[in-house]
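Student: Take the sequence shown: its position 1077, counted from the start at 1, is 1083 in my numbering, and no numbers get skipped.
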Amino acid sequence: MSSVVAQPHFLFGLRSGVSNNVCFSDEHTVVFPGGNGCVCFNTVSRTQRFLPGSDKSQGMQALAISANRRYLAVSESGEQPAVTVFDLQHEQGRKRKVLTAGDVSAQQFVCMAFSPDSKYLIAQAGPPDWTLTFWLWEKHKILATVKTTTSNSPVTQISFNPHNNMQLSVSGLGIFKLFRYFEGSLKQSSFAKVESLNFLCHTWLAEERVIAGTDTGRLLVFESGHLRREISTVSRTLQGQSDRRVEMKKIRDIDEGPVLPAIRAILSYSRGFVCSLGPGTVCLFEKMEEDSYRKSREIQIPADPHSNDLSPAEAQQIESMCMSPAEETLAASTERGQLYSVSLASLDMNKEKQLHFDFLSEPFHSGSITGLSVCIRKPFIATSSLDRSVRIWNYETKALELYKEFQEEAHSVALHPSGLFILVGFSDKLRLMNLVIDDMRTFQEFTVRGCRECAFSHGGHMFAAVNGNIIQIYSDTSFENVINLKGHNGKVRSIKWSLDDSRLVSCGMDGAVYEWNAHTGKRESESILKSCSYTDVALSSDRSTILAVGTDLTLKEIQDCQVLKKVPADDVAHTVLAVSHSGRVVFTGTSRGTIRAIKYPLPLQKDWITYQAHCGPVTKMVITYDDQFLLSVSEDGCLLVWKIIDKEGRGLKSSRQIVHTEEILVTKSDLEEKNQNMLELKMRLEEVQMENEYQLRLKDMSYSEKLKELTDKFHQQIESLKANQQAMKTEMEKQERDHLEKIADATMKHCKELKDLELSNSQKLIVEHEKHLDLQQKHERMQEEYEKRLSSAEQSRTQAVEELMRLHEAKLQEKTQLLDQCQQDAQKQIAELKEIIWRVEEDKEKKIQDIQVEYEKKLHSEKDNNANLKGKAGIMNQKFHSLQRQIEERWMDMDKLKKERQRLLGLIRSLESDVDDLKRQISGHEKTGQDKDNIISGLKKKNQELEKLKFVLDFQLSELKKQMEPQQDDIKEKKQKIHQLEEELLQTGKSNMQLKLSASNLTLKLKSKDKDLHTEMQKVKDLETYLQRLRSDLHSCVGFIQEPKKLKDSVQALYTHYVSHADGVKNQSVNEELRSMFRQQQDFMEKTVSNLKMRLAKAAQEHEKVYNNIMEENMTLIGETNQLRKELHLARTQVKDYKTQVAALKRSTRLRPHSDHGATGGSKGDVC
């Protein structure tokens, strides 16, 4: 085991997604989940105490704190969900109990709650069974379980009645139930019909009253488990008696109205209750009367001045809330993992001001942390995250020094050793920034896309950045790319500098670990294992070996291209590692979020200490340069600071003494602005001082005058008071005299009364004494009589006892004689029984053998029958399962049929209402029939008038036909014109296409000419290089002038080497002529192209003009045709109307003679 121990020191981060993830353990201590455990944070001393999670935990799900603030229950998911109860009053927060729910198929407890007396604990299991478990937790005893809901209706919150340990409430999607523990079981005591509502939270306001919040922003009040009324979140005063009574029909009608923001958290306190109302808003409701509440204040999350995010800080959803025991502080957690608090003591002081939340600790990361770096000269930590922010932390003061949010995600970060500059890798560029007093300002950008790793050298004069599979080294002074390290076939995952900055170590996904020379760029050593994808690499403290971790679940020690040692892991991959500068320990981070401390030199066996750290894979890990702190970050967004100590609790001794500096960078413009502000403020101060002095003098003058007036008034009042005092004294003396006289009279009366009472009491005492003496004599006589009676009773008792003894002795003698005879008879019977037993045993043995044979036969037959029965039982089981499925399907069908029946009943009701409506319509139609008969008689009269109009309309029709003929001729002529214009349009389109083709051909020719030019230029450059080489070779030949043989050889070598290029040298003049010709042709082509472009532009303008004219003519023609069509349509409709009128008139004329004939016939009959 390692002699070096890591102790958690401070954590920056909050784990979101945990139910009830913030609570107060006392007035200044807040408990919240962070990493793989819980953190107890003291807001005054800014210290933290850690409660670690279990080893096999798959994540934390819910928290619950007891009413006495002593016990904390933590729910963790896994193969078998468990609840751990911690004692917060213990210094180290020791575990009291680990509770399990037995045969529960769920993998997590969704929510929990303690009873008011902290003796009982309830926990709601998740899907698929949704079982509620009721514990007597100190004895680890399950008192009751009950299934609260189905998988389609999840539960969101459970709670105890604060006035009754045996009553509890459950709320969720379409659920609001009250349960009561009675006689060993949980029984539902209310049946509220709330299937259409989704309850997100609830709280108890009184012994029988619960208020619940929904996802549509409604506050509903339940009394005794029944929905009574709704509290509006809009109005200011809400009287309980005037609140409308709410039934389910009305609730469904209300759901059709405007939807308000969801109420995700609600909390009751002595004055009323607090609830979250929409993003970043908390409302306080105060209790006015017995059933009324008033919305008193709103508290909001303020906007973040450092944020450039599209979703601002004030748009965060509040997940959970809690209140301190003295109800002076309200704390809240948000969905982005931030903690806020507000002092409720300032509510009464600042009634007019808008209240805002403040950060409880510091603003945390809300996404996975991708980069981590430290510097030498300052106690700074730099982190980058997927939440598009870069933050600078101080691990000594435990505070956030600086942070900035960007428009893109930051993938990597590196701090300069001085702590004044920072490198940040984005998806498009790598940016070098100044750390100014209140900002990060970019002053240099590098074209490194998607830089996932970057690191400054220990001297700060260079930095390395990863660009895919290439490592680029830049100078920090000239910003030039000094060296490119190429060799990796896959992405580079990690790079580390040696302490002297002479070497650089890298590893990648291709399974390669390379050691580079930082000055020459050469590889000094390599180790390749293609089956392993390396994730991190580090150099040992003595720079002799390389340590690497990867996907093969081992920690490797590499030296001189060979793997010296392999330390295997337990089915968990190492993701990162860090080596202490003292060389005593190696820390590794795993994919489960744990951290392991392994002693160095590495052991051969599995020998390490495991620490529960994060709830996600560890992404980066660094040790500070003084070996005092270990820093780890993870995908859970938490930064955890560890204190490195030995087993005796002392910090590690470092050979290097590091002094942290306090200087900061400030820009000149900022300094000038601040100086100007200082000067302006000084001037304002002087002016204000002058004004104050002047006003003080004026006030002194006014106050002195007032003082004089007041002194005069007070003198007069004093004199009047003195006179009153003397009068009061005289009155007091008179009253004292009267009082003394009254006291003297009273004393005389009391003395007389006392004497009379003494005389009467003395006589009574004498009488009572005489009675007492008589009673004593009677008592003595009674005692003597009782003693005599006792003595006579004892004598009679002794005589009776003696007589009984005699009788019993005689009976004993008789019984002893009978016993002797019985013993003799028993011996004889025993002998006879032995003989009988011997005979019976012989018979039994024979019978047993026969029975054994028979039973063996029966066994074989029974075994056969058993096998057959097993087969039948399997078949029956299958049939049983199939029948069960059929039954479930039938039940489902029954449910569907019930729903259809309900739907059909609703249809029947609606149809009945329609029938009633139709009956009413029929009665109305009968009335209208009579009216229509009257109308018909009126229409007959009108028909006569229309006949007269018929002749007039025929004449008008003939005139209209004459007018229509010339208009139709005009329409035909205009259609012909339109056809001609369309043909002209097609011709212009074809000409435009030809012009475009010619232009494209010319551009292609230009491109080919540009390529030829480029080749000619390249040839010229090649010839110039050949000339330079020939000159240098001739210069070397000139050195052999005094040695003819060598000169001859060198000239021959020159001839053989450059003879092929002689033609090229001769043809240089020809090339120059060609260039001039090419330039002339190029100029000619450019001119022709420009002319063609001008022609194209003119043709396009003319085409546009012609097209516009044609379109205008078309529009006018279309408008005229439309008018003519309308006129035609009107004329035809008029003609139809006239024809119908004429037909109706003809019918009426035909019917009239028949009616006249009938009337004459009837009159003749009457005469006869």
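Using N, Cα and C, we set each Cβ at its ideal position, and we do this for glycine too.
Please read all numbers here as calculations on a predicted model, not as lab measurements.
Span of the beta strand (DSSP E) holding K996?
Tutor: No beta strand (DSSP E) holds K996; the alpha helix (DSSP H) holding it covers K674 to V1044.
Student: If we count Cβ pairs, one from each stretch, closer than 8 Å, do we get three or more for the stretch 324-336 versus the stretch 373-391?
Tutor: Verdict: no, contact absent.
Student: Hey, would you say L441 sits closer than 9 Å to G465, going by beta carbons?
Tutor: The answer is no: Cβ separation not under 9 Å.
Student: Where does the unbroken alpha helix (DSSP H) through T1062 begin, and where does it stop?
Tutor: P1050 to Y1064 is the extent of the alpha helix (DSSP H) around T1062.
Student: Please classify P972: is it buried, with 16 or more other beta-carbons within 10 angstroms of its beta-carbon, or exposed?
Tutor: Burial call: exposed.
Student: Reducing DSSP to helix, strand and coil, say where D1172 ends up.
Tutor: Summary for D1172: the model assigns pLDDT 38, below 50, so the residue's position carries little reliability; its value from the coordinates is reported in the next sentence. In the structure shown, D1172 sits in a helix (DSSP, three-state: H, G or I).
Student: Select from L1098, C289, I552 and V511 the residue whose C-alpha is nearest the C-alpha of S1006.
Tutor: That would be L1098, whose Cα lies nearest to the Cα of S1006.
Student: Under the assumption that G40 contacts L57 (Cβ atoms under 8 Å), give the Cβ distance between them as a whole number of angstroms.
Tutor: Not quite, the Cβ-Cβ distance comes to about 10 Å (not below 8 Å), so this is no contact.
Student: So what's I1124 in DSSP terms, helix, strand or just coil?
Tutor: Reduced to three states, the DSSP call for I1124 is helix.
Student: Residue range of the beta strand (DSSP E) that W399 falls in?
Tutor: First-last of the beta strand (DSSP E) with W399: S395 to N400.
Student: Just confirm the distance between the C-beta atoms of V472 and V430, as a whole number of angstroms; I'd bet it's less than 8 Å.
Tutor: Going by Cβ atoms, the distance from V472 to V430 rounds to 14 Å, so no, they are not a contact pair.
Student: Assign T243 to buried or exposed, taking buried as 16 or more other Cβ atoms, counted over all protein chains shown, within 10 Å of its Cβ.
Tutor: Caution applies to T243, whose pLDDT of 36 falls short of 50 and renders its modelled position unreliable; the model cannot decide the point.
Student: Figure out for me which residue from E415, H15, I664 and N683 has the closest Cα to the Cα of T403.
Tutor: Looking at the Cα atoms, H15 is the closest of the given residues.
Student: Going by alpha carbons, who is nearest to S177 out of L149, W136 and S191?
Tutor: When only C-alpha atoms are compared, the closest one is W136.
Student: Is the stretch 61-76 touching the stretch 626-642 in the sense that three or more CB pairs, one from each, lie closer than 8 Å?
Tutor: Verdict: no, contact absent.
Student: Please say whether L290 and L353 have beta carbons closer to each other than 9 Å?
Tutor: It is a contact, given that the beta carbons lie within the stated cut-off.
Student: Nearest by alpha-carbon distance to I984: which of H745, M1121, G474 and L78 is it?
Tutor: Nearest C-alpha to I984: M1121.
Student: If contacts are defined as beta-carbon pairs under 8 Å, then A12 and L636 qualify, I think. What distance do you get, rounded to the angstrom?
Tutor: Correct: roughly 5 Å between the Cβ atoms.
Student: How should C538 be labelled, buried or exposed, when 16 other C-beta atoms within 10 angstroms of its C-beta is the threshold for buried?
Tutor: Burial call: buried.
Student: Taking the beta carbon of Y861 as the centre, do at least 16 other beta carbons fall within 10 Å, making it buried, or is it exposed?
Tutor: So Y861 counts as exposed.
Student: Of all the beta strand (DSSP E) runs that stay within the bounds of the stretch 615-673, which reach a length of 3 or more residues?
Tutor: The stretch 615-673 contains these whole beta strand (DSSP E) runs: 615-618, 624-629, 635-640 and 645-652.
Student: Rounded to whole angstroms, what is the Cα-Cα separation between K626 and V585?
Tutor: Going from the Cα of K626 to the Cα of V585 covers about 13 Å.
Student: If we count the other Cβ atoms within 10 Å of its Cβ and call it buried at 16 or more, is W648 buried or exposed?
Tutor: Counting Cβ neighbours within 10 Å, W648 comes out buried, since at least 16 surround it.
Student: Going by alpha carbons, who is nearest to V161 out of A524, A1149, V116 and A1106?
Tutor: For V161, the nearest C-alpha among the options comes from V116.
Student: Residue range of the beta strand (DSSP E) that F18 falls in?
Tutor: Taken as a continuous stretch (DSSP letters only), the beta strand (DSSP E) holding F18 covers V10 to F18.
Student: Which same chain residues, not among the five before or five after L1053, have their C-beta less than 7 Å away from its C-beta?
Tutor: For L1053, where only same-chain residues beyond five positions count, the Cβ hits under 7 Å are C1043, F1046 and I1047.
Student: Less than 9 Å between the beta carbons of F38 and L345, yes or no?
Tutor: In this structure, L345 lies closer than 9 Å to F38 by Cβ.
Student: Mind checking which residues open and close the beta strand (DSSP E) that includes Y606?
Tutor: Run containing Y606: none; DSSP gives neither H nor E here.
Student: If you measure between the beta carbons of F432 and A420, is that distance less than 9 Å?
Tutor: Cβ distance not < 9 Å, so F432 and A420 don't count as in contact.
Student: According to DSSP, what are the bridge partners of G178?
Tutor: G178 pairs with V161 and I181.
Student: Is DSSP giving F432 helix, strand or coil here?
Tutor: Note: F432 maps to coil in three-state DSSP.
Student: Please return the same chain residues whose Cβ sits closer than 7 Å to the Cβ of I942, not counting the five positions on each side in sequence.
Tutor: Contacts found: none.
Student: What are the start and end residues of the beta strand (DSSP E) that includes E292?
Tutor: Note, E292: beta strand (DSSP E), T287 to K293.
Student: With H, G and I counted as helix, E and B as strand and the rest as coil, what does DSSP make of D109?
Tutor: DSSP places D109 in coil when its eight states are reduced to three.
Student: Suppose you measure from the CA of A119 to the CA of L889; what does that come to, to the nearest Å?
Tutor: Each residue's alpha carbon lies about 41 Å from the other.
Student: For the beta strand (DSSP E) containing D93, name the first residue and the last one.
Tutor: Note, D93: beta strand (DSSP E), A88 to D93.
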